[in-house]
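This report refers to the structure that appears directly beneath it.
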Amino acid sequence: MTTRREQTSNESRELILAAAAELFAEKGYRQTTFVDVAERSGISRGSIPWHFGSKEGLLLAVLERSVAMVRDSLAEKPGEEASLEQLSRGAGMMFALPTTKLFVTLLVEAQEPDSPIRGRYVEIHNTLREHCRRWLERLPLPQGLSAEALAVTIIGAGIGVHQQWLLAPERVDPEQALAALRALVAGILPAGEGAASHGE
């Protein structure tokens, strides 16, 4: 049974994680300080290293939490039919997640060879590609085109669209961009298969 003290500690931890995720997305990892996180979360500055040890520990905890949120949002529902419409709707949901902005904001830092978050980003991309690949394997792809290769292309396009949208939201409409991507993928499928699963 969870004690009141443990419950309070867990609540404080969640407040810190939520605040840090917002700040890392807004300002980047290097520009965010414990003071910033304390002010945003309403939790004392001294509590942050007590929970996470260091700023790097906080960042890794934020990414662990974010990966879990992504996995939950992409989880397939029992009996759900495979279709490009479903895949596109899932991509739209990803755009709405606050964690997606965090992933895009920290992408450059993650590419540095000694970055503490490089491994987490590999895991994030693996999760996205795996989900996309599983959907695509349920569709009748043309001979010679693997679901894995197409998943890499779709995830790359999605990340690129999101990055452009963050930089110039007045110029980029992500819904239209995702609709264009869906149309391109549908164009390589047999007639009528872009909207329904194979064998229906």
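The numbering of the sequence shown is the UniProt record's numbering, which starts it at 1 and goes up by one.
Cβ coordinates follow ideal geometry from the N, Cα and C atoms, glycine included.
*Sequence-distant residues of the same chain with beta carbon closer than 6 Å to P116, five excluded per side*: E56
_Counting beta carbon pairs with one atom in the region 57-66 and one in the region 2-20, are three or more of them shorter than 8 Å?_
Yes: the two stretches touch, three or more of their Cβ pairs being nearer than 8 Å.
*Give the straight-line distance between the Cα atoms of residue 201 and E11, rounded to the nearest whole angstrom.*
Given that the chain is displayed from residue 1 to residue 200, the structure contains no residue 201 and the question cannot be resolved.
*Would DSSP call E170 helix, strand or coil?*
coil
*DSSP state of L150, grouped into three classes?*
helix
*Check the C-beta distance from V185 over to I154 and give it rounded, since I have them as a contact under 8 Å.*
7 Å
*Does DSSP put A9 in a helix, a strand or coil?*
This sequence places Ser at residue 9; Ala is not what is there. DSSP places S9 in helix when its eight states are reduced to three.
*Distance between beta carbons of G28 and T105, contact taken as under 8 Å*: 6 Å
_Span separating the alpha-carbon of R30 from that of P142_ = 45 Å
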